[in-house]
Amino acid sequence: MAYEFCARTDPGRVRVNNEDAVCVDPQARLALLADGMGGYNAGEVASGMATTFIRTELARWLAEAGQHLKAFDLRRGIEICVDNANQAILGAAEANPQYSGMGTTLVVGVFQGSRLMLGHIGDSRCYRLRAGVLEQITRDHSWLQEQIDAGLITPQQAAMSSSRNLVTRALGVEDNVLVEINEFKVEPQDLYLMCSDGLSEMVCHEDLTALAAANVPLEEKARRLIDAANANGGRDNISVVLVQAGQTGSRRGFMSRLLRTA
Numbered sequence: 076m077a078y079e080f081c082a083r084t085d086p087g088r089v090r091v092n093n094e095d096a097v098c099v100d101p102q103a104r105l106a107l108l109a110d111g112m113g114g115y116n117a118g119e120v121a122s123g124m125a126t127t128f129i130r131t132e133l134a135r136w137l138a139e140a141g142q143h144l145k146a147f148d149l150r151r152g153i154e155i156c157v158d159n160a161n162q163a164i165l166g167a168a169e170a171n172p173q174y175s176g177m178g179t180t181l182v183v184g185v186f187q188g189s190r191l192m193l194g195h196i197g198d199s200r201c202y203r204l205r206a207g208v209l210e211q212i213t214r215d216h217s218w219l220q221e222q223i224d225a226g227l228i229t230p231q232q233a234a235m236s237s238s239r240n241l242v243t244r245a246l247g248v249e250d251n252v253l254v255e256i257n258e259f260k261v262e263p264q265d266l267y268l269m270c271s272d273g274l275s276e277m278v279c280h281e282d283l284t285a286l287a288a289a290n291v292p293l294e295e296k297a298r299r300l301i302d303a304a305n306a307n308g309g310r311d312n313i314s315v316v317l318v319q320a321g322q323t324g325s326r327r328g329f330m331s332r333l334l335r336t337a
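Heads up, the sequence shown is in our numbering, so the first residue is 76 and it goes up one at a time.
Written out as structure tokens, the structure is:
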């Protein structure tokens, strides 16, 4: 399976600084997005540390482990890298009083063959566009989502709540962090959209679907998504990571051989 990666981030129309961070490593087929929180500039420190640390450690580990990893080993590798990043953020907060209380959400995806191993913490999301249908494949770790799951409020009531930003899990907040990891089968032409809540809260699902499905290059698609969030107010930082799955390697190989013999 061939993959194309694109990552963009924007401060939005209201915030002065950008506490989001995005990172892709096409060679390792790795994508990361983080939305920081904390005091003055501390959120951007936490998100930057998370994406940089995990990308460096995980890419190195993937290169050493090779392409034919068992699912259990890949899950464990992600867990270890996330835990190490958690300890690094906690250590930085302890050493620098101005960073006290900082933390970050996280979405991390590793694409191997026709498999996506996806980990997340907090309310940053990953969507999958398949055959024109956009589906959220992460579940928010938030107070509102817990209220929805318990049947106490409806999704419509949650959308109007002033408590949308209360997350129940974050990286860098406690000694032990629980990253939720799920495995997905990737199909040719799937598009995966990771985003911070600066996008998902500013653009409705129908518009997200239309923008994600537009027949334009990934860079243009990412720009249009960010522009849409800004056009609706841009009340938060806006980050987008897009991963486009192409055809399988075997099919490309067959077509290449066919063209060479024609």
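In this text, a Cβ means the ideal position worked out from N, Cα and C, and glycines have one as well.
It should be emphasised that the depicted structure is a prediction, and the values quoted were computed from it without experimental measurement.
Asked, Found
"Whether residue 265 touches residue 165 by CB criterion (8 Å)", "no"
"CA-to-CA distance, residue 96 to residue 87, given in whole angstroms", "13 Å"
"8 Å Cβ cutoff, residue 254 in contact with chain D", "Protein chains in the displayed structure number just one, and chain D is not present."
"Inter-residue Cα distance where the pair is residue 159 and residue 150", "14 Å"
"Residue 179 beta carbon less than 8 Å from that of residue 110", "yes"
"Residue 247 versus residue 177: straight-line alpha-carbon distance, rounded", "7 Å"
"For residue 124 and residue 167, believed in contact at Cβ under 8 Å, the rounded distance", "7 Å"
"Delimiting residues of the alpha helix (DSSP H) encompassing residue 314", "Here residue 314 belongs to no alpha helix (DSSP H); instead the beta strand (DSSP E) covers 313–320."
"8 Å Cβ cutoff met for residue 78 and residue 147", "no"
"Residue 167: CB within 7 Å of a non-hydrogen atom of the ligand COA", "Of the ligands one can find in the structure shown there are none, so the ligand COA has no counterpart to examine."
"Three-way DSSP call (helix, strand, coil) for residue 337 in this model", "Residue confidence for residue 337 is low, a pLDDT of 41 falling below 50, so the modelled location carries little weight and cannot support an answer."
"Buried or exposed by the 16-neighbour rule on C-beta atoms within 10 Å, applied to residue 175", "exposed"
"Strand pairing of residue 111, partner residues [DSSP]", "179"
"Rounded C-alpha distance that separates residue 116 from residue 197", "19 Å"
"7 Å Cβ shell around residue 93 - same chain, five flanking residues per side excluded", "84, 86, 119 and 312"
"Member of 300, 126 and 207 whose CA lies at the smallest distance from the CA of residue 108", "126"
"Cβ neighbour criterion (16 or more within 10 Å) applied to residue 208", "exposed"
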